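Heads up: the sequence shown at position 141 corresponds to 141 in full-length UniProt numbering, and the numbers run straight through without jumps.
We put the beta carbon where it would ideally sit given N, CA and C, even for glycine.
Predicted model, so just to flag it, every value in this text is computed and none were measured.
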Amino acid sequence: MVYVSASYDVVAAHIDPITGQPAFYNLITLPSPATLRPTLYPEYPAVHTISGNVLAISDGSGQIHVVEVEAPHASGSGLLLGSYKLSTGDEDNILPFRMHHVRIDTGDEVHCIISVSTRVTTPAPSSTKGGSTEKTSYRLMSVSFKISKQPLPGVQLLTVDWAITGDSLPLLFLHDPDAQRYILASSTPLGALPSHPPPDPQADEIAPIPRPDENMNDVPAIRDLKPPPYSWTQTNDSVTVVFPLPSTTPKASIRVLFSAQNLTLLVSDRDTRTAFPFPVYVRKLFWDGIHSDTSYWTWDRAGDKPGSSIGLLSLHLDKQHEGTRWIHVFAAAGTATAEEEDVDVPEMVDPSELANIREQLEKWTTQFGDDNLSGSGIGRNVPSLLDGEMDEDGDDQVGRRVVFSYVTEGGQVVCPAPHAPVDLLSVPFPHTGANVVVKHTLDGLFFAAPTSTSPEEPSLEWKHAATYPALAFVLASKRDVKFTFHHGPNIVLAFEGGTGKGLSIGGNVYMYEGADGQRTSGQAVLRVSGGESGPLMGVQLVEVGGKTALVCLCEKALVVVRDILGW
1 MVYVSASYDV
11 VAAHIDPITG
21 QPAFYNLITL
31 PSPATLRPTL
41 YPEYPAVHTI
51 SGNVLAISDG
61 SGQIHVVEVE
71 APHASGSGLL
81 LGSYKLSTGD
91 EDNILPFRMH
101 HVRIDTGDEV
111 HCIISVSTRV
121 TTPAPSSTKG
131 GSTEKTSYRL
141 MSVSFKISKQ
151 PLPGVQLLTV
161 DWAITGDSLP
171 LLFLHDPDAQ
181 RYILASSTPL
191 GALPSHPPPD
201 PQADEIAPIP
211 RPDENMNDVP
221 AIRDLKPPPY
231 SWTQTNDSVT
241 VVFPLPSTTP
251 KASIRVLFSA
261 QNLTLLVSDR
271 DTRTAFPFPV
281 YVRKLFWDGI
291 HSDTSYWTWD
301 RAGDKPGSSI
311 GLLSLHLDKQ
321 HEGTRWIHVF
331 AAAGTATAEE
341 EDVDVPEMVD
351 PSELANIREQ
361 LEKWTTQFGD
371 DNLSGSGIGR
381 NVPSLLDGEM
391 DEDGDDQVGR
401 RVVFSYVTEG
411 GQVVCPAPHA
421 PVDLLSVPFP
431 HTGANVVVKH
441 TLDGLFFAAP
451 TSTSPEEPSL
461 EWKHAATYPA
471 LAFVLASKRD
481 VKFTFHHGPN
491 IVLAFEGGTG
501 KGLSIGGNVY
511 MYEGADGQRT
521 SGQAVLRVSG
531 GESGPLMGVQ
541 LVEVGGKTAL
551 VCLCEKALVV
561 VRDILGW
């Protein structure tokens, strides 16, 4: 195990297989990091193996150092082969970054995946009185350099292979060498760098452009506002779309075809004596997928009023992704197209859902003097799972909602389901496998990552291999969790950050065994950080004496838990 200390010493920790005691060796001291501009902030250092005994070490301040370790159990055995920097191109300034992954190709060229965070200021439109807004944007970049077998003088420049952008950092980072791609999980889809938005014109700059033979002094007639072509509402697992039609329309003349992604709706044998706007949809894309085999339609001649001349054609769509809120019925709704059916139709909220929303809001209108609010006005002192029953509001918000993006080694991005997020409960320990644990009701489902035979036929199929029963339920009460890792289907470990004030607050690791088909499984709690050890910085699994040990790097100590899988 190798880490970088606060004084930029590269330290190797060797754990004795018999006693379990660590021994520390200072391999090399890195060059002092460059001074950053006041608006830039350093990232955490990171250590990755390039090949054999050659390491790539980022200092968090914009440089990657390549170190060859001649004897890992001897101090001073590190040799600096070269240093590389990511330059901004502005007065020789460098850009701090965080390093996520390192690989080497057959030509001794090293490719590193790094992330750069920047604060983006968006000016408010001139038509509003609000000030500018500021948010953090992230760029995920592939940088490369040619590895040298002899020490290189000075600092070399990194070559930027490609860059993509996102609103959040990936929580999961896997490399699929067979498909030559990376599998990433982040709260928002990743994409190409955006183009600059057009400037916001001032009020006196907006003027119509005259056409040939057009009199600009003519006042256009006020157009009648047409009613929307349909109305719609949704529940957690379905969408209902209602089209008005003349009550004289025969049911046999209505043709509705559902597919997983689109709709075909045609009405034949129309009454030519009326100018009623009949709907015409041919393979019209839905906003999200549906289950075509369980979706259906109904025709009510009487409509919502007896004796009405308008009937109601209702489409009952079964959502493919339960729990996903649809923004529109159709993918093109609200876009700048010439199609009348692409008008933005707002959702009609179901009365029962309005009652549920009202009930949720009532929790925030309770008097501050109420006994169950602990005198603070917000929240409770006791987590919901310790209060006798499960809180459906707080306990449902467990894990991180993510979507999966697939990025080729050349920088091409595919996000097959940007509107179908999942709740990520746990990620694998580094170098232990390509898999995830996601939330399903109260459980945690263990999925193996897609496997591909070649880059030409990449797979997107995640396979369910095991279940951690009630994992989402028990994790919901852990409010100070910093990391959650798993080791295959065997064990999940949730680590607190150990940043609580006092020597006896926080710093625990909660361990949950996989059930493996049994009715019960074990769980345990162990103190690994906080107090005199300091906050938890990182965790790793290592082999010690033929068994798997857990190593916890704290700010002031290294904690070793032997045989973590055998308890």
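Please state whether the Cβ-Cβ distance between residue 398 and residue 312 is less than 8 Å.
Between residue 398 and residue 312, the C-beta gap is not smaller than 8 Å, which leaves the two residues out of contact.
Paired residues, beta bridge with residue 553 - DSSP:
Per DSSP, 538, 558.
Cα-Cα separation, residue 497 to residue 66
Those two C-alpha atoms are separated by around 31 Å.
Three-state secondary structure (DSSP) of residue 474
In the structure shown, the three-state DSSP call for residue 474 is helix.
Which listed residue (426, 409, 443, 427) has its alpha carbon closest to that of residue 456
Nearest of 426, 409, 443, 427 to residue 456, Cα basis: 409.
Could you check where the beta strand (DSSP E) with residue 445 kicks off and where it finishes?
Residue 445 -> beta strand (DSSP E) spans 443 to 448.
Can you tell me the Cα-Cα spacing of residue 52 and residue 1, whole angstroms?
Roughly 14 Å separates the two Cα atoms.
Give the single residue among 117, 148, 300, 156 whose Cα lies nearest to the Cα of residue 164.
With distances taken between Cα atoms, residue 164 lies closest to 117.
Excluding the 5 residues flanking residue 266 on each side, which residues of the same chain have their C-beta closer than 6 Å to its C-beta?
Only 255 meet the Cβ criterion.
From residue 70 to residue 189, what does the alpha carbon distance come to, in whole angstroms?
One C-alpha to the other measures close to 42 Å.
Tell me whether the beta-carbon of residue 555 lies closer than 8 Å to the beta-carbon of residue 537.
In this structure, the beta-carbon distance from residue 555 to residue 537 falls below 8 Å.
Quick test of your reading: residue 29 and residue 59, contact by CB under 8 Å. State the CB separation rounded to the nearest angstrom.
Contact between residue 29 and residue 59 does not hold, since their C-beta atoms are separated by about 11 Å, which reaches or exceeds 8 Å.
Return helix, strand or coil for residue 187, following the three-state DSSP convention.
Looking at residue 187 - three-state DSSP - the assignment turns out to be coil, as it is neither helix nor strand.
Along the chain, where does the beta strand (DSSP E) containing residue 564 start, and where does it finish?
Careful: residue 564 lies outside any beta strand (DSSP E) and carries neither H nor E.
Identify which residue in 423, 6, 15 has its Cα closest to the Cα of residue 545.
Closest by alpha carbon: 15.
Give the DSSP-derived three-state secondary structure of residue 461 in the structure shown.
Three-state result, residue 461: coil.
Does the ligand PLP have a heavy atom nearer than 7 Å to the CB of residue 498?
Ligands in the displayed structure: none, and consequently the ligand PLP is not present.
Could you check the C-alpha separation between residue 524 and residue 510 for me, to the nearest Å?
Each residue's alpha carbon lies about 6 Å from the other.
Helix, strand or coil for residue 19, going by three-state DSSP, please let me know.
Correct three-state label for residue 19: coil.
Less than 8 Å between the beta carbons of residue 541 and residue 487, yes or no?
Yes.
Does the distance from the CB of residue 422 to the CB of residue 438 come in under 8 Å?
Yes. Within cutoff.
What's the gap between the Cα of residue 83 and the Cα of residue 411?
Residue 83 and residue 411: Cα-Cα distance of roughly 25 Å.
Going by C-alpha distance, which of 461, 550, 476, 532 is nearest residue 491?
Nearest C-alpha to residue 491: 550.
Comparing alpha-carbon positions, which option in 85, 73, 231 lies nearest residue 22?
Looking at 85, 73, 231, the one whose alpha-carbon comes closest to that of residue 22 is 73.
Please return the same chain residues whose Cβ sits closer than 7 Å to the Cβ of residue 276, not counting the five positions on each side in sequence.
Closer than 7 Å at the Cβ level, and outside the excluded window around residue 276, lie 246.
DSSP state of residue 439 mapped onto helix, strand, coil
In the structure shown, residue 439 sits in a strand (DSSP, three-state: E or B).
May I ask you to list the residues that DSSP assigns as paired with residue 112?
Beta-bridge pairing by DSSP links residue 112 to 102, 143.
Helix, strand or coil for residue 176? Go by DSSP, reduced to three states.
Residue 176 sits in a strand when the DSSP states are folded into three classes.
Would DSSP call residue 515 helix, strand or coil?
Note: residue 515 maps to coil in three-state DSSP.
Report buried or exposed for residue 48, applying the criterion of at least 16 other Cβ atoms within 10 angstroms of its Cβ.
Buried, by the Cβ-count rule.
Where residue 9 falls: helix, strand or coil (DSSP)
DSSP places residue 9 in strand when its eight states are reduced to three.
Put residue 482 into one of helix, strand or coil per three-state DSSP.
In this structure, residue 482 counts as strand in the three-state DSSP scheme.
Alpha-carbon to alpha-carbon, residue 415 and residue 302:
Each residue's Cα considered, the two are about 45 Å apart.
Between the segment 444 to 463 and the segment 173 to 182, can you find at least three pairs of beta-carbon atoms closer than 8 Å?
Output reads yes: the segment 444 to 463 touches the segment 173 to 182.
In chain order, which beta strand (DSSP E) runs of at least 3 residues are fully inside the UniProt domain "CS" (225 to 330)?
Taken in chain order, the complete beta strand (DSSP E) segments of 3 or more residues contained in the UniProt domain "CS" (225 to 330) are 231 to 234, 238 to 246, 254 to 258, 262 to 267, 281 to 285, 296 to 300, 310 to 318.
State the Cα-Cα distance for the pair residue 232 and residue 287, rounded to the nearest angstrom.
Between residue 232 and residue 287, the alpha-carbon positions lie close to 13 Å from each other.
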